[in-house]
Every structure is written in C-alpha cells, then in structure tokens.
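Enquirer: Below are the structure tokens for one structure; questions will follow.
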Amino acid sequence: MIRNADTQDASFVYACLCNLEDCTLDRKVFEAGYKQQLADTSLSMLVLEHEKQPCGYMSIRTLYHLHHCARIAVIEELYISRNARGNGWGRAMMEYAVQYAQAQGCVQLELSSSCAREGAHAFYKRVGMSCSHYKFTRNI
C-alpha cells in the first residue's frame, strides 16, 4: 500500500534518507524541513507499506516549467529499504509516480540520480526512464 506520509513517519523517512545519502543528516534540521514539506502542496511525500510496515519512501513534486510549456513531475527522493528490495516495490512506486503525474496533468516524469548509483540507473532504465539530461551541481 502506498499512502501519504505524516508526522508519525518522520523517523522512518529520516532513516531512509540517511541511507540514501550514505550519511547522518542533522536530525533537527531534518525535522524542521520535514514539517515544511508536509505543508507544501506542490510536494507529495509517500510511504510504501507491506504488512503494515513501512518499507519505502518517495517524494514527488509537480510544477509548471516554462521551457516545456507544461506541468512536470519530479521525483525528489526514492528509497526502498534494503531488506525489501527485489520484491517489485521500486517498480510499484515508479508506476504510482507515473499515474500520479498523469492525474496532475504532467507531461513528463523526471528524476536525478547520483553518478555513483549505477544499480539505480539500471533500475530506472528497466522501468522505462531514459537518461536524456545531465544535472550539474556546485556546493556553495
């Protein structure tokens, strides 16, 4: 089951994102940001549950892009717990993202993935995504 995240999910989402980023995020800063994002109507924060246990997290943002003259959906974060991988949950989350984006009137679904996440890249290609852009970043 995929459902909207709520305040009770903060610890689970925190653990997911620490694992995703392979670091320990500042908990107080995370908590403040989590509350802000729960209130952000352009962002959907979603938890995947199996047998009443959370096993995945995804956030998806919709926005209007002038350079597309259309609404676009952007997966900001996607994480499936390590012990839940290989069971089709990632594919289910991606299918949900496509359906959600279509329902929001979006014409494209985008996501960014670290260059180091080669396994994730292969997964995204298997679920119909293509690598058509580069994302450049600069720490400031």
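Our numbering puts the first residue of the sequence shown at 6, with every later residue one more than the last.
Where a beta carbon is used, it is the ideal one built from N, C-alpha and C, also for glycine.
Judging by CA-CA distance, which residue of N92, M99, P59, C60 is the nearest neighbour of A78?
Expert: Here the question's residue 78 lines up with position 73 in the sequence shown. Nearest C-alpha to A78: M99.
Enquirer: For the pair the segment 47-54 and the segment 22-29, tell me if three or more CB-CB distances fall below 8 Å.
Expert: Too few Cβ pairs lie closer than 8 Å, so no.
Enquirer: Alpha carbon to alpha carbon, how far is A125 from E115? Give it in angstroms, no decimals.
Expert: As a first step, residue 115 must be located in the sequence shown, where it is residue number 110. As a first step, residue 125 must be located in the sequence shown, where it is residue number 120. Rounded to the nearest angstrom, the two C-alpha atoms are 14 Å apart.
Enquirer: If you scan the segment 41-112 from start to end, which runs of the beta strand (DSSP E) of 3 or more residues do you find wholly inside it?
Expert: 48-55, 58-70, 75-85
Enquirer: Threshold first: 4 residues or longer. Then list the alpha helix (DSSP H) segments lying entirely within the segment 11-43, N to C.
Expert: 15-26
Enquirer: Got a sec, what are the start and stop residues for the alpha helix (DSSP H) R131 sits in?
Expert: By one-based count along the sequence shown, residue 131 stands at place 126. 123-131 is the extent of the alpha helix (DSSP H) around R131.
Enquirer: Consult DSSP for I7 and reduce its assignment to one of helix, strand or coil.
Expert: Indexing the sequence shown from 1 puts residue 7 at position 2. In the structure shown, I7 sits in a strand (DSSP, three-state: E or B).
Enquirer: Suppose you measure from the CA of C111 to the CA of A102; what does that come to, to the nearest Å?
Expert: For the purposes of this step, residue 111 is taken as the residue at position 106 of the sequence shown. For the purposes of this step, residue 102 is taken as the residue at position 97 of the sequence shown. In a straight line, the C-alpha of C111 is about 11 Å away from that of A102.
Enquirer: Out of L83, D45, N88, state which residue places its alpha-carbon closest to the alpha-carbon of T67.
Expert: Locating residue 67 in the sequence shown gives position 62, counting from the first residue. Considering only alpha carbons, the answer is D45.
Enquirer: Take the Cβ of V18 as the centre, count every other Cβ of all protein chains shown within 10 Å, and call the residue buried at 16 or more, exposed below.
Expert: Here residue 18 is taken as the residue at index 13 of the sequence shown, counted from 1. It is buried - the Cβ of V18 has at least 16 other Cβ atoms within 10 Å.
Enquirer: Figure out for me which residue from L22, S47, A127 has the closest Cα to the Cα of E36.
Expert: Locating residue 36 in the sequence shown gives position 31, where the first residue counts as 1. For E36, the nearest C-alpha among the options comes from L22.
Enquirer: Here's a check: name, in chain order, each residue in its chain whose Cβ is nearer than 8 Å to the Cβ of A97, leaving out the five neighbours to either side.
Expert: Residue numbering aside, residue 97 sits at position 92 when the sequence shown is read from its first letter. If we look at A97 and ignore the five residues flanking it on each side, its Cβ neighbours are I7, L53.
Enquirer: Who are the near neighbours of S117 in its chain, counting only those whose CB is closer than 6 Å to its CB and skipping five residues on each side?
Expert: Locating residue 117 in the sequence shown gives position 112, counting from the first residue. Excluding positions up to five away in sequence, the list reads K140.
Enquirer: Pick out whichever of Q41, Y84, G93, D14 has its Cα sitting closest to the Cα of R122.
Expert: Position 117 of the sequence shown, counted from the first residue, corresponds to residue 122. The residue from Q41, Y84, G93, D14 with its alpha-carbon nearest to that of R122 is Y84.
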